[in-house]
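Worksheet for the structure shown next.
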C-alpha cells in the first residue's frame with residue numbers, strides 16, 4: 026500500500042524540538058487529545074500502582090486512560106505454585122485502574138515464556154498429559170479471569186504463538202502437549218470465565234508478511250469455531266526506520282478485513298544499535314555487554330532526538346488515519362527509566378524509547394504525538 030502520509034517538513038520538525046515545558050498543556054494529557062479516536066495507555070510496574078513512584082503515578086493519571094500490567098498478571102507472577110496464587114499486586118493494579126476510571130487490560134493468560142515448569146510436568150517431573158495440562162490451564166484461567174470478572178475489560182488471552190520466520194505455530198510446550206487446538210481452548214476458557222470481556226491475540230513483528238499470514242490463519246481458525254477475537258494486538262517494538270510505515274499499515278488493513286479491531290499494545294522505539302539482525306521482541310535472545318551498543322550514556326544527541334520525534338509523528342499520524350479500527354495504543358512503559366529496553370537485549374543500557382524522559386518530562390516526540398491528533 027502506498028504511503029499517503031505527508032513527510033515532516035524541516036520547519037515543522039524544528040517546531041517540535043522545544044523545551045519540555047512548552048510541549049504540553051498543563052491540564053491535558055494524551056488521553057484527552059485522542060479522546061474521540063482510541064484509548065492511549067501505558068504498561069505499569071508495581072512501584073507505580075502502589076504509590077512508591079509518586080511522580081510516575083501522577084503522570085499516569087494525567088496522561089492515560091488505559092493500563093496494562095507489565096508483569097503482574099503473567100503466570101509465574103500470579104500463580105507460581107500449583108496451589109499458590111499471589112493476587113496482591115494484581116489486585117492493587119486492578120483497583121488503581123478502577124479508581125481512575127481506566128480501561129484495564131489483563132496480560133497474559135497463555136505464553137511460552139514466564140510460565141512455571143510445573144504446568145507441563147507430572148508429579149515425577151515427566152511431561153504431563155494433554156488432559157492434565159488442559160485441566161491446569163482451565164483452572165488457571167477460570168480462577169484469574171473469574172476473580173476480575175467485570176473489572177478487567179480485555180484480556181491478552183494468547184501471546185506470541187506464531188513462529189518468527191515461517192508464520193507457523195511456534196513450537197512450544199502448549200502445542201507439543203495439548204495439540205493445535207491449544208489456542209481455541211484458551212479462548213474458550215476465558216470466554217466462559219467472563220463472557221463480557223474482550224479477548225485478544227497479541228504478538229510482535231506482525232508487519233512481516235509471513236507472520237501476518239500466520240496470525241490471519243490462526244484467527245480465522247478460531248472464528249471458524251465460533252470464537253470471537255475482539256482485536257489483534259500488534260506489539261510496536263520498532264526501530265527508528267524499521268519497519269516502514271507502509272509495512273505497519275498493510276497489517277492494520279489486513280487484520281481489519283477479519284472483522285477485528287487492531288490494538289498497538291507495546292509501543293516503544295529503540296534508538297540504540299541492536300546486536301541482533303532481527304527486528305522483534307524475543308526475550309530469549311540476549312547478548313553480553315558491549316559498549317558499541319550503548320552509545321548514548323550521557324544523553325540523546327539532537328539529531329537522534331529529531332529522528333525519534335519524526336518516527337512517533339509518523340506512527341501516530343498512521344494510527345489517527347486508521348482510528349476507525351484501532352482500539353487502543355499502549356506504550357510499553359511510562360518513562361525512559363522504566364523501559365525494558367534498558368536491559369534487553371543487553372543489560373545495563375541507557376535507552377530512550379518513550380515519550381517521557383527520566384525526569385518525567387515530555388520529550389519533543391510528545392508534542393509530535395499531540396500534533397498528530399490535530
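In our numbering, the protein residues as written are 26 to 399.
For every residue, glycine included, the Cβ atom is placed at its ideal position computed from N, Cα and C.
Item: Nearest-angstrom beta carbon gap, residue 231 and residue 276 [assumed within contact, 8 Å]; Value: 5 Å
Item: Secondary structure, beta strand (DSSP E): runs of 3+ residues fully inside the region 38 to 126; Value: 64 to 69 and 91 to 94
Item: Nearest-angstrom beta carbon gap, residue 373 and residue 316 [assumed within contact, 8 Å]; Value: With 8 Å as the limit, residue 316 and residue 373 do not qualify as a contact, their Cβ atoms being about 11 Å apart.
Item: Simplified DSSP state of residue 325, which is helix, strand or coil; Value: coil
Item: Enclosing beta strand (DSSP E) for residue 129 [first to last residue]; Value: 128 to 135
Item: Nearest candidate by alpha-carbon position, reference residue 319, set 332, 337 and 297; Value: 297
Item: Inter-stretch contact at 8 Å, needing at least 3 Cβ pairs: the region 69 to 85 / the region 112 to 120; Value: yes
Item: Beta-carbon gap between residue 133 and residue 99 smaller than 8 Å; Value: yes
Item: Reference residue 257; option with closest CA among 289, 343 and 264; Value: 289
Item: Cβ neighbour criterion (16 or more within 10 Å) applied to residue 387; Value: buried
Item: Own chain, CB closer than 6 Å to residue 192, minus 5 neighbours either side, in chain order; Value: 235, 236, 238 and 239
Item: Option nearest residue 345 by Cα separation, candidates 93, 361, 60 and 151; Value: 60
Item: Contiguous alpha helix (DSSP H) assignments of at least 4 residues, all confined to the region 156 to 219; Value: 207 to 218
Item: Beta-carbon proximity check, residue 337 vs residue 375, cutoff 8 Å; Value: no
Item: Nearest residue (CA-CA) to residue 123, options 83, 360 and 90; Value: 90
Item: Same chain, Cβ closer than 6 Å to residue 369, five either side skipped, listed in chain order; Value: none
Item: Integer Cβ distance of residue 135 from residue 65, believed to fall under 8 Å; Value: At roughly 26 Å, the Cβ-Cβ gap does not stay under 8 Å, so residue 135 and residue 65 are not in contact.
Item: Residue environment, residue 335, which counts as buried when at least 16 other CB atoms sit within 10 Å; Value: buried
Item: Cβ-based burial, residue 394 [other Cβ within 10 Å; buried from 16]; Value: buried
Item: Whole-number beta carbon distance between residue 300 and residue 371, since they are thought to touch under 8 Å; Value: 7 Å
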